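Worksheet: the structure to be examined is printed underneath.
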Amino acid sequence: MDKTIKIAIVHDWLTGMRGGEKCLEVLCELFPSADLFTLLHKKNSVSKTIENMKIKTSFLQNIPGITKSYRNFLPLFPIAIEKFDLRGYDLILSSSHAVAKGVRINSKALHISYCYTPARYAWQFFDDYFSKENFIKKFFISLVIKNLKKWDLKSNEKVTEFIAISHYIKNRIKKYYNRNSTVIYPPVDTDFPLASAKDSQQIKINDKPYYLMVSALVPYKRVDLAIKAFNENKKQLVIIGSGNEFNKLKSMARDNIKFLGWLGDETLREYYTNARALIFPGEEDFGIVPLEAQAYGKPVIAYASGGALETIIPFEELDDARKKENITNYIPKDIHGPTGVFFYSQTVPQLNKAIETFEANIKQFKPENARENALKFNRSRFKTEIKNFIEEKWLEHSTGTSAKIGGLQNTVKK
1 MDKTIKIAIV HDWLTGMRGG EKCLEVLCEL FPSADLFTLL HKKNSVSKTI
51 ENMKIKTSFL QNIPGITKSY RNFLPLFPIA IEKFDLRGYD LILSSSHAVA
101 KGVRINSKAL HISYCYTPAR YAWQFFDDYF SKENFIKKFF ISLVIKNLKK
151 WDLKSNEKVT EFIAISHYIK NRIKKYYNRN STVIYPPVDT DFPLASAKDS
201 QQIKINDKPY YLMVSALVPY KRVDLAIKAF NENKKQLVII GSGNEFNKLK
251 SMARDNIKFL GWLGDETLRE YYTNARALIF PGEEDFGIVP LEAQAYGKPV
301 IAYASGGALE TIIPFEELDD ARKKENITNY IPKDIHGPTG VFFYSQTVPQ
351 LNKAIETFEA NIKQFKPENA RENALKFNRS RFKTEIKNFI EEKWLEHSTG
401 TSAKIGGLQN TVKK
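In the UniProt record's numbering, the protein residues as written are 1 to 414.
Written out as structure tokens, the structure reads:
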């Protein structure tokens, strides 16, 4: 008789349907009978697949207004996640960019952590998050971060296998955690036909072609850089997204830059379809938006760093610094033609130079090449790869009896 495998899925928090939640959704599809643990849950903020899971929240859920101010409770995150006692589970799947991997588990359990990044604010981007705080507040935050780092390193002992979302994050996991990991790229929605602007609602801004940004309006996305560049070049720019920098960024922008907030999928599709190219000036751990743009056949003008170096086929060869980092090993080689243009420093002149390079060579950017590149990151690929990885690691972890292996295979929904 097959032994029932008790499975827990752990996710940092459920407050919206972003890239991490799209990965989580696949795990929930694969293991619909698993228990889902999370620090807090804003009801109806994620997909039905996730909402239908048996969701268990931490004590943070009881704090009034927590879903709007949860980042203020950062010092409590490690305590809250460790309050979950998962010692009765055989398989733990953590979906983590903060503290989810730190749950208490049985020493005999298999814990696979899908890691979006070691906590950004702790290890590499402290100033990006807290540079604008006053001296006293910044001092106390630095003490919290120091303790968080110690806890974060200690919590790694609970992880059996790390999966990284990109080679960029694989390198960061090795640097900060001294752990090896396997790269499985996140899923990108490509389940729609490639439409031309002729078949779509015609959208122009001030009767001119426009460039597009789809982004949260937060500092590290560098929306400010795009605004400064387009203030100078006077080309049309549409910014779709929201965030705590909305008012500041809008006050910087001239009339050629339009802010539309977040849009529904159908309207967003129209703006992707009619855009000239996507502007992507920030450094991302992976970056799903550039691949979404390519899925619509659109080229990407991007800062040459982070995950973009693994998902965009550049018009020109990478500069010497990127070659030394062996980044070229990760860039797809089997697509005929470029899918974007890189710039190498986050400055207005460099971004505008990349835009000029794109416009001077615009005929070389074929929609079918961008689309073909994006398809390699599709959702079904992710689902197959992560399912196979989990089953393989369970086989290695277990005693190898047919009962245990059969138990897991019967638990996984095909």
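Positions of the beta carbon are idealized from the N, C-alpha and C atoms, including for glycine.
This one's a predicted model, so the numbers in the text were calculated from it and none came from an experiment.
Query	Result
Might you give, ordered along the chain, the residues of its own chain that have their beta carbon closer than 6 Å to the beta carbon of Leu260, omitting 5 neighbours on each side?	Ile240
Sorted by chain position, which residues of the same chain lie with C-beta nearer than 7 Å to Ile112's C-beta, five sequence neighbours on each side aside?	Leu93, Thr160, Glu161, Ile163, Ile390, Lys393
Using the rule of at least 16 other Cβ atoms within 10 Å of the residue's Cβ for burial, across every protein chain shown, is Ser166 buried or exposed?	buried
Taking the alpha carbon of Arg269 as the point to measure from, which residue in Gly282, Lys248, Gly297, Ile257 has its own alpha carbon closest?	Gly297
List the residues that DSSP assigns as beta-bridge partners of Asp85.	Arg104
At which residues does the beta strand (DSSP E) containing Ile313 begin and terminate?	No beta strand (DSSP E) holds Ile313; DSSP gives it neither H nor E.
Relative to the C-alpha of Gly19, which residue among Tyr185, Arg71, Ser107 is closest?	Tyr185
Output the distance between the C-alpha atoms of His336 and Arg379, rounded to the nearest integer angstrom.	23 Å
Return the residue from the list Lys43, Ser69, Thr49, Lys68 that minimises the CA-CA distance to Thr57.	Lys43
Does Phe73 come out as helix, strand or coil in the three-state DSSP assignment?	helix
So Leu153 and Tyr116 are in contact, right, with Cβ under 8 Å, and what is the actual spacing, rounded?	That belief does not hold up - the Cβ atoms of Leu153 and Tyr116 are roughly 18 Å apart, past 8 Å.
Helix, strand or coil for Gln61, going by three-state DSSP, please let me know.	helix
Roughly how far, in whole angstroms, is the beta-carbon of Leu39 from the beta-carbon of Ala80, given that I think they are within contact range, below 8 Å?	5 Å
Please name the residue, chosen from Lys258, Tyr344, Phe192, that lies closest to Asn206 on a Cα-to-Cα basis.	Lys258
Given that a residue counts as buried once 16 or more other Cβ atoms are within 10 Å of its Cβ, and exposed if not, what is Leu86?	buried
Could you give the C-beta distance for Asp35 and Val99, rounded to a whole number, given that I count them as a contact under 8 Å?	Actually they are not in contact, since the Cβ atoms of Asp35 and Val99 sit about 18 Å apart, beyond 8 Å.
Please list the terminal residues of the continuous alpha helix (DSSP H) segment that includes Gln294.	288 to 295
Less than 9 Å between the beta carbons of Pro78 and Ser155, yes or no?	yes
Closest to residue 418 by C-alpha separation, out of Phe343, Phe84, Arg71, would be which residue?	Residue numbering for the chain in the displayed model covers 1 to 414; residue 418 lies beyond these limits and cannot be assessed.
What residue does the alpha helix (DSSP H) around Leu249 start on, and which one ends it?	246 to 252
In this structure, how does DSSP classify Phe382 when only helix, strand and coil are distinguished?	helix
When we look at the beta-carbon of Pro187 and count the other beta-carbons within 10 Å, is it buried (16 or more) or exposed?	buried
So if DSSP puts Thr38 in a beta bridge, which residue, or which two residues, is it bridged to?	His11, Thr57
Exposed or buried, Thr190, counting other C-beta atoms within 10 Å across all chains shown (16 or more means buried)?	buried
Taking only three categories from DSSP, how would you classify Gly340?	strand
Which residue from Phe59, Lys22, Glu283 puts its Cα closest to that of Val46?	Lys22
Leaving out five residues before and five after Val26 in sequence, what residues of the same chain have Cβ atoms less than 8 Å from its Cβ?	Pro187, Arg379, Phe382, Lys383, Ile386
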